[in-house]
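A.B. asks:
Laid out in structure tokens, this is it:
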């Protein structure tokens, strides 16, 4: 059992299904706190559409300050604004990533053995899949629009005599590439010792530099197998031979697309957690932002249909990486697996002969399993 402690967690439920799934993640964390004798102090803040309506910004300076003063950030989802809106809810994420220097996004994909039939991919292809995508978060195409006035980084739609044209800027520095590639190699050393670096070096100058830097960094890790893969080939192999991957490292846009594709290996985006980590260390671990990858899904918001498993597994990642509570994280993951093995599903995972639960009911079942699994630790 880990040392009993007091921890501060900033909670940003956000938009759409964000508040519903985050509520269940908090319930499971509260069960962990009771069973293991920890104190979790949850500080709530507005982000996304709710923050724009109440505060005029996707995230206020005050909320950013609360996040900065916490041990970790638990994030729900943002989105749902009309196209062309002056302030986009997603700017909350961009400000958090840039302002708090969260440069490394970790997205693990490990399908439950009991759910191989839930994927649209043949079960035999999914046997043994256990990969993690490391996505660079603070560079690339995503950041031109936040800093359009920066010389050399235009991102705009402009009118010309021939009609409208659009431009985005893809900029990466050697230092940005090196630090994310090192995260991937360090992770691989703790796993199966294989790194796949994904780029588009046959077309993009940024990818030529990416490949050059990745090659250089790989020399510092002679114990880790290393390969380059073009992003289009990687997209194909994720479907064709997903079990061959261990750690995939790639830039911002490619990482965004490939992780959504990889989520289908697990049956649903509602199953996948993620962690965004930076360089700052707290007394417990690495300061991080934790969010399920599924987005705000406004079409099912408020209907008790959303799958809370990704948010709950996200809370487990928070315990492991930022609070140093590895046993407690493993307890949550085991509780989720036991509920899946017992045949419980949410609407997105509907299977013949399985019991369909709502968001709250699934969260309750997982919290109950946490209590049962951790019963021997009760203070």
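In full-length UniProt numbering, the protein residues as written are 1 to 379.
Don't be surprised by glycine CBs; every beta carbon is placed ideally from N, CA and C.
1) Looking at the secondary structure, which residues open and close the beta strand (DSSP E) in which residue 252 lies?
2) Is the beta carbon of residue 339 less than 9 angstroms from the beta carbon of residue 356?
3) By how many angstroms is the C-alpha of residue 204 removed from the C-alpha of residue 345?
4) Who pairs with residue 94 in a beta bridge, going by DSSP?
5) By the DSSP assignment, the beta strand (DSSP E) with residue 39 in it spans what residues?
6) Which residues does DSSP pair with residue 196 in a beta bridge?
7) Report the residue from 368, 354 and 256 whose alpha carbon sits nearest the alpha carbon of residue 381.
8) For residue 36, which of 333, 347, 124 and 325 has the nearest alpha-carbon?
9) Can you grab the Cα-Cα spacing for the pair residue 332 / residue 112, in whole Å?
10) According to the neighbour-count rule (16 or more other Cβ atoms, all chains shown, within 10 Å of its Cβ), is residue 157 buried or exposed?
11) Could you tell me the alpha carbon to alpha carbon distance between residue 7 and residue 361, rounded to whole angstroms?
12) Tell me, which residues are paired with residue 6 by DSSP?
13) Given a cut-off of 9 angstroms, decide if residue 275 and residue 128 are closer than it, judged by their beta-carbon atoms.
14) Under the three-state reduction of DSSP, which class applies to residue 123: helix, strand or coil?
15) Just the C-alpha distance for residue 372 and residue 34, rounded to the nearest angstrom, thanks.
16) In terms of residue numbering, what span does the alpha helix (DSSP H) encompassing residue 320 cover?
17) Can you give the Cα-Cα distance for residue 363 and residue 207, rounded to whole angstroms?
C.D. replies: Put simply:
1) Mapped onto the chain shown, residue 252 falls at position 252. Element bounds for residue 252: not the beta strand (DSSP E) but the alpha helix (DSSP H), 252-263.
2) Counting from 1 along the chain shown, the entry for residue 339 is found at position 339. Counting from 1 along the chain shown, the entry for residue 356 is found at position 356. Contact flag unset, no.
3) If you number the chain shown from 1, residue 345 lands on position 345. If you number the chain shown from 1, residue 204 lands on position 204. Approximately 43 angstroms between the Cα atoms of the pair.
4) Position 94 of the chain shown, counted from the first residue, corresponds to residue 94. According to DSSP, residue 94 bridges with nothing at all.
5) Against the chain shown, residue 39 aligns to sequence position 39. Counted as a single uninterrupted DSSP element, the beta strand (DSSP E) harbouring residue 39 occupies residues 39-44.
6) Numbered from 1 along the chain shown, position 196 holds the residue referred to as residue 196. Partner(s): 227 and 248.
7) As displayed, the chain neither begins before 1 nor continues past 379, which places residue 381 out of reach and without an answer.
8) Translated into the one-based positions of the chain shown, residue 36 becomes position 36. With distances taken between CA atoms, residue 36 lies nearest to 325 out of 333, 347, 124 and 325.
9) Along the chain shown, read from residue 1 onward, the residue named residue 332 stands at position 332. Along the chain shown, read from residue 1 onward, the residue named residue 112 stands at position 112. Taking the straight line from one Cα to the other gives about 14 angstroms.
10) As a first step, residue 157 must be located in the chain shown, where it is residue number 157. Exposed: under 16 other Cβ atoms inside 10 Å.
11) Reading the chain shown from its first residue, position 7 is the one you call residue 7. Reading the chain shown from its first residue, position 361 is the one you call residue 361. Rounded to the nearest angstrom, the two C-alpha atoms are 27 angstroms apart.
12) The residue you call residue 6 lines up with position 6 of the chain shown. 39, per the DSSP bridge assignment.
13) Numbered from its first residue, the chain shown carries residue 128 at position 128. Numbered from its first residue, the chain shown carries residue 275 at position 275. In this structure, residue 128 lies away from residue 275, with their beta-carbon atoms at least 9 angstroms apart.
14) Looking up residue 123 in the chain shown gives position 123. Of the three classes helix, strand and coil, the one that applies to residue 123 here is helix, per DSSP.
15) Numbered from 1 along the chain shown, position 372 holds the residue referred to as residue 372. Numbered from 1 along the chain shown, position 34 holds the residue referred to as residue 34. Near 12 angstroms, if we compare the C-alpha coordinates of residue 34 and residue 372.
16) Position 320 of the chain shown, counted from the first residue, corresponds to residue 320. Where residue 320 is concerned, the enclosing alpha helix (DSSP H) stretches over 309-321.
17) Residue numbering aside, residue 363 sits at position 363 when the chain shown is read from its first letter. Residue numbering aside, residue 207 sits at position 207 when the chain shown is read from its first letter. Residue 207 has its alpha-carbon roughly 42 angstroms from the corresponding atom of residue 363.
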